[in-house]
Each structure stands twice: as structure tokens, then as C-alpha cells.
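Here the structure is laid out as C-alpha cells; the discussion comes afterwards.
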Ligand code: HEM
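Residue numbers (our numbering): 257 to 503.
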């Protein structure tokens with residue numbers, strides 16, 4: 257019976273997320289890490305169309321490690337550390353995007369973006385926000401948890417020594433909605449794409465770990481668990497029956 261129970265424990269444990277193998281990168285830890293990379297993000301296509309169109313007659317300017325090439329901003333030189341045993345950590349860039357329009361009446365800047373990985377499924381985009389809301393209420397707020405990204409719905413792949421996470425759906429948080437002052441919380445923003453330097457073995461290891469974690473249970477694994485459970489119960493019944501007979 258003990259052997260059968262052990263089999264159940266081993267099989268059940270094997271269904272958890274397999275930790276990626278250590279990288280050959282420079283992480284001071286023995287797990288795979290991203291310490292640099294870049295992000296591309298269009299902010300919100302309809303907002304860019306509004307700013308550059310005939311209503312606002314505006315433009316946007318970038319500074320620092322942020323640049324623009326239609327249709328997206330690039331956040332280059334992301335630095336920090338995300339550890340891919342639990343997909344937790346932070347990468348950030350220094351720089352800003354300043355949107356202007358309506359002859360300067362609209363003047364909003366978002367700056368110093370940070371991408372905080374909370375787990376395999378979720379990241380939060382944190383920015384500083386300066387400007388006014390649509391109702392002309394002044395805003396000057398640091399570290400606004402502006403948007404949340406759905407990493408579970410994104411597309412993950414290994415590309416050489418890089419981990420590429422594309423089509424990350426991003427939605428405005430309630431703090432983001434308050435600071436930006438126009439769109440409601442939950443408003444979809446443009447998708448985010450990340451290219452993170454992790455080392456070749458880690459890039460493939462991370463993809464394999466995710467794939468095995470999200471793979472449905474194979475029929476053999478299910479059969480083995482059921483069989484082990486049946487053997488455990490049968491063993492328990494037999495042992496109890498024998499004890500009763502002895503009394
Ligand atoms: C002179 C002042 C302003 C005028 C006349 C104005 C006018 C407008 C108009 C007519 C639209 C609708 C555009 C469309 O449906 O295509 C619009 C949309 C919008 N305005 Fe303004 N606006 C002003 C100031 C501001 C300010 C200060 C902000 C602050 C950020 C702002 C943010 C927005 C946003 C986010 C949208 C929605 C864009 C989208 O379709 O995604 N506006 N505005």
C-alpha cells in the first residue's frame with residue numbers, strides 16, 4: 257500500500273511546472289534569468305490615430321531608451337531581472353513618450369516603464385504619468401500600475417538565445433484609468449511584445465517547461481493514477497479485513 261501511495265505522490269508531483277534548467281547566462285542564481293531585453297508596444301492604436309489625425313492635430317515625442325517606428329514604440333535596453341523558476345521579477349527602461357495635441361491643450365507624458373512579472377500568467381506595466389485628464393484635471397503620479405498583461409494568452413517561443421513573448425494582451429487597470437483620465441478600466445491597449453535575453457538553453461527550457469505545465473494530462477498518466485489509487489484502497493481494505501479476522 258505504501259508503495260502505491262508513493263506512486264500516487266510521485267505521479268502527482270510530476271504534473272507540476274517543471275523548473276527550467278540553469279542557464280549559461282550571467283545570472284548569479286542557478287535558475288534561468290532575463291536581465292536584459294526589449295519591448296515593443298503601440299500604446300493604443302486609436303489614440304495614436306486621434307493624436308495624429310485632424311481632430312487633435314498633434315504628435316508624440318520620445319526620449320531616452322524609447323523610440324518610435326510605425327506602428328510601435330520600442331523600449332530598448334530593458335534592464336533588471338526576471339527569474340524563470342517562478343517567472344517573477346522586473347525589467348525596466350528609462351525614457352518617455354509625450355503626446356501633445358489640440359495646440360498644447362492635450363499634453364500627456366508616460367515615463368520610465370517597468371514590466372513587473374508576477375507569475376507565469378500575469379505582468380503589470382508600471383509608468384509615471386504626467387499631464388491632464390480629458391476633463392483637464394492635472395495628473396503627476398509616479399509608479400502607476402497602468403496596465404496588466406495576460407501572459408497566459410500570449411505567444412511564447414525561443415529564438416536563438418532569446419525568449420520571445422508576443423501578442424501579450426494588455427488592458428488598462430483602474431489606477432491607469434484614473435491617471436490617464438479618459439478610457440475606462442479594462443480598456444484594451446495595444447498588445448505588448450517582449451524579446452528577452454536568456455541564453456539558448458534557457459530559451460528552449462522555458463518553452464518546454466511552459467508546454468509541459470499547460471499540457472493536458474496524458475491518458476497513460478491518468479490510467480496510472482487511477483490504478484495506483486485502486487491498489488492503495490484495495491490494500492487498505494485487505495489489511496483491515498485481516499486485522500478483523502485475527503481478532
Ligand atoms: C481642446 C480639448 C479637446 C478636444 C476639443 C477634444 C476632442 C476630442 C474628440 C472630438 C474626440 C473623439 C475623437 C474620435 O471619435 O475620433 C476625442 C477623443 C479623445 N480624447 Fe480628446 N479632446 C480634447 C482634449 C483631450 C485631453 C486633454 C485628453 C487627455 C488625454 C484627451 C484625450 C482623448 C482620448 C483618449 C480620446 C479617445 C481616442 C480614441 O478614440 O481612442 N482629449 N477628443
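All C-beta atoms, glycine included, are put in the ideal place defined by N, C-alpha and C.
Cβ-based burial, residue 279 [other Cβ within 10 Å; buried from 16]: Its pLDDT being 44, under 50, residue 279 is placed unreliably in this model, and the coordinates cannot settle the point.
Option in 452, 286 and 458 with minimal Cα separation from residue 332: Selected option, being the one with the closest Cα: 452.
Own chain, CB closer than 7 Å to residue 439, minus 5 neighbours either side, in chain order: Contacts found: 428 and 433.
Residue 299 in three-state terms, based on DSSP: Coil at residue 299, not helix or strand.
C-beta contact flag for residue 298 and residue 328 at 7 Å: For the 7 Å CB-CB criterion, residue 298 and residue 328 form a contact.
Residues that residue 307 bridges to, as DSSP identifies them: For residue 307, no pairing in a beta bridge is given by DSSP.
Extent of the continuous alpha helix (DSSP H) run through residue 449: Premise fails: residue 449 lies in the beta strand (DSSP E), 448–453, not in any alpha helix (DSSP H).
Environment of residue 383 [buried if 16+ CB atoms lie within 10 Å]: Buried is the call here.
Cβ-heavy atom distance, residue 311 to the ligand HEM, below 6 Å: Result yes, Cβ under 6 Å from the ligand HEM.
Residue 349, DSSP secondary structure in three states: In the structure shown, residue 349 adopts coil according to DSSP, grouped into three states.
Residue 342 versus residue 359: straight-line alpha-carbon distance, rounded: About 47 Å.
Assumed close pair residue 454, residue 289 - CB separation to whole angstroms, cut-off 8 Å: At roughly 7 Å, the Cβ-Cβ gap stays under 8 Å, so residue 454 and residue 289 are in contact.
Pairwise C-alpha distance: residue 397 and residue 361: Near 19 Å, if we compare the C-alpha coordinates of residue 397 and residue 361.
Same chain, Cβ closer than 8 Å to residue 346, five either side skipped, listed in chain order: These residues qualify, in order along the chain: 336, 337, 338, 370, 371, 372 and 373.
Among 435, 424, 448 and 365, the one whose alpha carbon lies nearest that of residue 319: Cα-wise, what sits closest to residue 319 is 365.
Inter-residue spacing [alpha-carbon to alpha-carbon] between residue 407 and residue 321: Rounded to whole angstroms, residue 407 to residue 321 spans 24 Å at the Cα level.
Those residues which DSSP pairs with residue 324 across a bridge: Answer is 329, bridged to residue 324.
Check whether residue 403 and residue 450 have beta carbons under 7 Å apart: 7 Å or more divides the Cβ of residue 403 from the Cβ of residue 450.
Beta-carbon proximity check, residue 385 vs residue 435, cutoff 7 Å: Less than 7 Å divides the Cβ of residue 385 from the Cβ of residue 435.
Beta strand (DSSP E) runs wholly inside the segment 395–433, at least 3 long, in chain order: DSSP runs (the beta strand (DSSP E)) wholly in the segment 395–433: 411–415, 418–424 and 426–428.
Residue 410 burial status per 10 Å Cβ neighbour count (16 or more: buried): With 16 or more other Cβ atoms within 10 Å, it is buried.
N-terminal and C-terminal residue of the beta strand (DSSP E) that residue 388 is part of: Segment 378–388, the beta strand (DSSP E) holding residue 388.
Backbone CA spacing between residue 425 and residue 399 [nearest angstrom]: Those two C-alpha atoms are separated by around 21 Å.
Sequence-distant residues of its chain with Cβ nearer than 8 Å to residue 462 (five each side left out): Hits under 8 Å: 276, 288, 340, 412, 414, 419 and 454.
Cβ neighbour criterion (16 or more within 10 Å) applied to residue 392: Taking a 10 Å sphere around the C-beta of residue 392, we find fewer than 16 other C-beta atoms and assign the residue as exposed.
Distance between beta carbons of residue 416 and residue 381, contact taken as under 8 Å: About 26 Å separates the two Cβ atoms, so there is no contact after all.
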